[in-house]
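With numbering that gives the first Met the number 0, the residue at position 247 of the sequence shown is 246, and numbering never jumps.
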Amino acid sequence: MIRKWMFFFLFASIVDCAGWERLVSPSRWEKIGTPQYKNTQVFVIDPQEDVEIEADEGTKIQFPKGSLLAQNGGLVNSPVRIEISEYYKSEDILLSGLSTVSSGRPIQTKGMISLNGYMESGGKVKVNPKNPPKVAFASSFEPGYEMFYGTKSGDGILDWSTQVPRKTNASASGADKDVSETAKNDTQENLNILNLENQKEGSKGNRIVLAKYQSASYADRAEPMSESGPAERRVAAQNSYYYPILNFGWINCDRFLYMGLKLIPLNIDTNYPTYEEETTYLLIIPSVRSVMPAYKDPNNRVYFPNLPPGEKAVLYALKKTGVTRWQVWIRETIVGKEDKLVPEWELVGPKTLEKRIRSLNF
Numbered sequence: 000m001i002r003k004w005m006f007f008f009l010f011a012s013i014v015d016c017a018g019w020e021r022l023v024s025p026s027r028w029e030k031i032g033t034p035q036y037k038n039t040q041v042f043v044i045d046p047q048e049d050v051e052i053e054a055d056e057g058t059k060i061q062f063p064k065g066s067l068l069a070q071n072g073g074l075v076n077s078p079v080r081i082e083i084s085e086y087y088k089s090e091d092i093l094l095s096g097l098s099t100v101s102s103g104r105p106i107q108t109k110g111m112i113s114l115n116g117y118m119e120s121g122g123k124v125k126v127n128p129k130n131p132p133k134v135a136f137a138s139s140f141e142p143g144y145e146m147f148y149g150t151k152s153g154d155g156i157l158d159w160s161t162q163v164p165r166k167t168n169a170s171a172s173g174a175d176k177d178v179s180e181t182a183k184n185d186t187q188e189n190l191n192i193l194n195l196e197n198q199k200e201g202s203k204g205n206r207i208v209l210a211k212y213q214s215a216s217y218a219d220r221a222e223p224m225s226e227s228g229p230a231e232r233r234v235a236a237q238n239s240y241y242y243p244i245l246n247f248g249w250i251n252c253d254r255f256l257y258m259g260l261k262l263i264p265l266n267i268d269t270n271y272p273t274y275e276e277e278t279t280y281l282l283i284i285p286s287v288r289s290v291m292p293a294y295k296d297p298n299n300r301v302y303f304p305n306l307p308p309g310e311k312a313v314l315y316a317l318k319k320t321g322v323t324r325w326q327v328w329i330r331e332t333i334v335g336k337e338d339k340l341v342p343e344w345e346l347v348g349p350k351t352l353e354k355r356i357r358s359l360n361f
């Protein structure tokens, strides 16, 4: 055991000094408006053992033995570096420029993560469809929430779907089917467990309390699931809702929303920004904790589609001006009451910007 952990420590030290310079980011202020605003947490795990990790904000991920594959489809048998960023707080979602839509419609989020794994060689690992990792989000369980996977569209919008992006070859399609079947079966099994626990402990209702691990360095917090130890460090699957992970990358705990039959757009009287302008327009819907990105209409103008009339919303726009200066526009509105709103920009520094965004808690 000592020799193995000495090896893990040596591996982590080597990759930190040699192949992982991309994790060394400049000041967080320079990353405002991008997903890199949130720090990346790093864990080193042994893929040949059952392991569970817990990130700083409570996300727990189980890696059963044999759950990780190399790109050629073979089992990974050397240490794997797991990288995770968590986005639960409202300000983290906004400061990172993230949104929650599926095919142009708002979805309700309980939080999202960016999750990836890398081998010693630097190559990415992928999910074993027959034995996938599982994740428990740091939020109470509620019916209707599912795993959504994010992909960037051509115009840079992060769109979320319950379906994993399709592969182009037949063998990959078969793997997708295996993953989907495993996910369906495991999700139902977890739901049955949770229903049973809630019947036993009616006072808790649907709130699932996640046990916290003791503080430690990232590598030390990667613990074998089968290893005995203090109660707070053992895995207690019946107390957490674990979703099978179908794909690495952007992962979101969301549910679809029914917002009525008559939906209308909200138009902004400004041109859709180019990439060089470094400008982001978002629409916050506080009642359902959803953040919509802006879309481009046929006249190259900014608009937000598929909104219910009478819904309270908050417009939020951010434009970078220099290294540590931004122009920000924040305005409350009622969908359908106003149209062709004109941005009114305010020049702010990083501390003021962070303070303004934190005030938009939803």
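Don't be surprised by glycine CBs; every beta carbon is placed ideally from N, CA and C.
Put simply, the backbone Cα of ASN127 is about 25 Å away from that of LEU157. Residue burial is scored here from C-beta neighbours: GLU331 has fewer than 16 other C-beta atoms within 10 angstroms and is therefore classed as exposed. The continuous stretches of alpha helix (DSSP H) do not include PRO131, and DSSP gives it neither H nor E.
When only Cα atoms are considered, GLY73 and PRO131 end up about 14 Å apart. Taking a contact to require three or more Cβ pairs closer than 8 Å, the stretch 97-105 and the stretch 39-47 do not qualify as touching. In this structure, the beta-carbon distance from ALA312 to ILE267 does not fall below 8 Å.
As DSSP reads the structure, VAL41 sits in a beta bridge with GLU82.
Within the stretch 95-160, the complete beta strand (DSSP E) segments at least 3 residues long are 104-117, 133-135, 145-151 and 157-160, listed from N- to C-terminus.
A residue is called buried when at least 16 other Cβ atoms come within 10 angstroms of its Cβ; GLN61 meets this threshold and is buried. Rounded to the nearest whole angstrom, the CA to CA distance from GLN35 to SER113 is 10 Å.
Buried is the label assigned to GLY110, since at least 16 other Cβ atoms lie within 10 Å of its Cβ. Secondary structure of SER77 (DSSP, three-state): coil. Distance from THR99 to ASN251 at the Cβ level is roughly 7 Å; contact confirmed, criterion being Cβ atoms closer than 8 Å. The C-alpha of SER95 is placed about 13 Å away from the C-alpha of LEU352. Between LYS59 and SER239 the beta-carbon gap is near 6 Å, inside 8 Å, which marks them as a contact. DSSP places ARG324 outside both helix and strand once states are collapsed to three, so it counts as coil. Judged by their CB atoms, LEU265 and LEU282 are nearer to each other than the 8 Å cut-off.
Within the DSSP bridge table, the entry for PHE303 names LEU265 as partners. Minimum Cα-Cα distance from PRO142 among the listed residues GLY348, TRP28 and THR108 corresponds to THR108. Between TYR315 and LEU93 a beta carbon distance of about 6 Å is seen, short of the 8 Å cut, so the two are scored as contacting.
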